[in-house]
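Right, one structure below, let's go through it.
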Amino acid sequence: METALDKGRVLLESLPYPDDTDHHFVVDPSKFDFYAMDCYRIAGEDRLAEMYAREVIRSSTDPDGTERKPMRNAEARITLGVVAARVGDLDQAVTYGRRALEGDRKSLPSLLMCSKELATLVRERYPKEPEAVAYLDEVRALSAS
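Following my numbering, the numbering of the sequence shown begins with 1 at its first residue and continues without gaps.
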């Protein structure tokens with residue numbers, strides 16, 4: 001995975017920086033961190049997943065707090081939730097999970113797919129905790145809509 005990420009970074013750095021990173025068919029260099037975040041989360045490399053998630057949120061949010069890339073930020077929050085759940089911090093995991101689900105603009109299928117990883121961790125590690133049960137109910141309700 002790291003070899004593939006290194007090759008991707010080298011390839012991306014060899015391209016000229018795009019004039020309009022918001023254009024749908026343009027490779028946005030900052031999206032590399034988003035993909036790396038996913039890779040490290042799935043691989044269980046929590047320290048790196050967290051580092052990339054924080055960078056995704058930082059680079060996708062204006063200084064005034066406006067989120068330019070709300071879906072990236074939502075998925076980064078899911079990653080932070082997964083990391084928190086893995087280290088035993090249920091409150092933080094649920095807080096990040098809820099924050100990810102509350103955004104205005106959502107690609108629901110993508111967000112739910114990403115949220116399943118957090119939901120599975122919460123279900124497996126905290127099956128009887130009221131906060132976990134409440135969060136899982138919220139995810140289920142969103143899935144049904």
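Glycine residues also receive a C-beta, built at the ideal position from the N, C-alpha and C atoms.
Per-residue burial, residue i [other beta carbons within 10 Å of its own, 16 or more giving buried]
i	result
M37	buried
R68	exposed
R58	exposed
F25	exposed
L136	buried
Any non-hydrogen atom of the ligand GTP closer than 7 Å to residue i Cβ
i	result
D33	Here there are no bound small molecules, and the ligand GTP is not part of this structure.
Cβ pair residue i, residue j closer than 8 Å
i	j	result
P29	Y40	no
V139	A119	yes
A93	A100	no
S115	G103	no
F34	G8	no
Selection from the options that minimises the alpha carbon distance to residue i
i	options	result
L142	E129, F25, S110, P70	S110
E55	T79, D64, G44, I42	T79
V82	D33, P63, G44	G44
K128	M113, Y96, S115, L90	L90
E75	V87, E50, F25	E50
L48	E2, L15, T61, F25	E2
M71	S107, T95, E131	S107
L112	R77, L12, E13	R77
Separation of residue j from residue i, as counted between CA atoms
i	j	result
S123	D19	Per the sequence presented here, residue 123 reads as Arg, with Ser not at that position. So the two alpha carbons sit approximately 44 Å from each other.
D46	H23	31 Å
L52	A144	For the record, residue 52 in the displayed sequence is Tyr; it is not Leu. The straight-line gap from Cα to Cα measures roughly 31 Å.
E117	A4	23 Å
I42	L121	12 Å
R125	E131	12 Å
D62	T21	15 Å
D64	E13	29 Å
L15	D6	15 Å
S60	T95	20 Å
P73	V10	It should be pointed out that residue 73 corresponds to Asn in this sequence rather than to Pro. Taking the straight line joining both Cα atoms gives about 25 Å.
G88	V27	37 Å
Inset, instruction - Scan the segment 60 to 134 and note each continuous alpha helix (DSSP H) run of 4 residues or more that stays entirely inside, going in chain order. - result: 70 to 86, 90 to 101, 108 to 125
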